[in-house]
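Take a look at the structure below.
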Amino acid sequence: AQSVTQLGSHVSVSEGALVLLRCNYSSSVPPYLFWYVQYPNQGLQLLLKYTSAATLVKGINGFEAEFKKSETSFHLTKPSAHMSDAAEYFCAVSALSGGGADGLTFGKGTHLIIQP
Amino acid sequence: KAGVTQTPRYLIKTRGQQVTLSCSPISGHRSVSWYQQTPGQGLQFLFEYFSETQRNKGNFPGRFSGRQFSNSRSEMNVSTLELGDSALYLCASREVSTDTQYFGPGTRLTVL
Chain D
197 AQSVTQLGSH VSVSEGALVL LRCNYSSSVP PYLFWYVQYP NQGLQLLLKY TSAATLVKGI
257 NGFEAEFKKS ETSFHLTKPS AHMSDAAEYF CAVSALSGGG ADGLTFGKGT HLIIQP
Chain R
-1 KAGVTQTPRY LIKTRGQQVT LSCSPISGHR SVSWYQQTPG QGLQFLFEYF SETQRNKGNF
59 PGRFSGRQFS NSRSEMNVST LELGDSALYL CASREVSTDT QYFGPGTRLT VL
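Those sequence lines, one after another, are chains D and R. When you line the first sequence up against the working numbering, it's residues 197 to 312, in that order. When you line the second sequence up against the working numbering, it's residues -1 to 110, in that order.
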């Protein structure tokens, strides 16, 4: 069974500051990890995914995440926050690469607030 | 390619009624998954269909069912609606070659 914990239901940063959203996972098998973003009244958009290749994964919109097996973490970062980054961010884990038959297990989400 | 489409986008029903939601995956995708999103429980996996076969189901009562057609379009049905079924229902189609799930905009179901 898999589980995901996202630390901090709300994170507030200033525009131009570093964004750090935390995600810790639990998985009985080597995991596949994902970060999704959700804007108001929209579905989920994939930011990036880890599938056992490089531990540092680069995604869209300047985001990246590092897989750390020893810490069971997959934190999301962006060097400089932009107002358009304000949204809900979800970390997800799957025992299968695409989250197929077993589905994706999501964290509770982190609401990112960007202060002008 | 067009993205994942879901219809209707908004739906209001009363307790005891049933509802059917529709999802059209991205052209060429044969895998469709359904998720329920609520403020209290977050995002939860409902079930996944691949080539018209349900491969797995999440921890939901039998009132929640689905099916997939030969053109990969999928429908989700909820019978005997309860107030707690009010949620955003998201459909995702999976691109097998890249193992990536693409989500639709969702159907917002309100049960009164």
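Here a beta-carbon is modelled for each residue, glycine too, at the ideal position from N, C-alpha and C.
Within chain R, no C-beta atom comes nearer than 9 Å to that of D/Lys274; the closest sits roughly 21 Å away. With a 10 Å radius around the Cβ and a threshold of 16 neighbouring Cβ atoms, D/His206 comes out exposed.
Collapsing the DSSP output to three states places R/Leu81 in a helix. Closest in C-alpha terms to D/Gly212, from the list D/Lys265, D/Ser269, D/Ser280, D/Glu262, comes D/Ser280. Beta-bridge annotation (DSSP): R/Gly64 is paired with R/Met74.
According to the DSSP secondary-structure assignment, R/Glu93 is paired through a beta bridge with R/Thr98.
The three-state reading of DSSP puts R/Ser22 in strand, counting E and B together.
Using a CB distance cut-off of 8 Å, R/Gly40 counts as an interface residue toward chain D.
A residue is called buried once 16 or more other Cβ atoms fall within 10 Å of its Cβ, and R/Arg92 is buried on that count. Nearest to R/Leu41 by C-alpha distance, out of R/Thr3, R/Gly64, R/Gly104, is R/Gly104. When the beta-carbon positions are compared, D/Tyr235 and D/Leu229 stay at least 8 Å from each other. As the crow flies, the alpha-carbon of R/Tyr87 is around 6 Å from that of R/Arg106.
Counting only runs of at least 3 residues, the stretch 219 to 266 of chain D fully encloses the following beta strand (DSSP E) elements, listed from N- to C-terminal order: 228 to 234, 240 to 246, 252 to 254, 260 to 264.
According to the DSSP secondary-structure assignment, D/Leu217 is paired through a beta bridge with D/Leu272. With a threshold of 8 Å between beta carbons, R/Thr98 makes contact with chain D. The alpha-carbon of R/Pro6 is positioned some 7 Å away from that of R/Ser20.
The alpha-carbon separation between D/Phe286 and R/Gly14 amounts to approximately 32 Å. Counting only Cβ-Cβ distances below 7 Å, D/Lys264 has no contacts in chain R at all, with the closest Cβ about 22 Å away.
Per DSSP, the beta-bridge partners of D/Ala288 are D/Phe230, D/Phe302.
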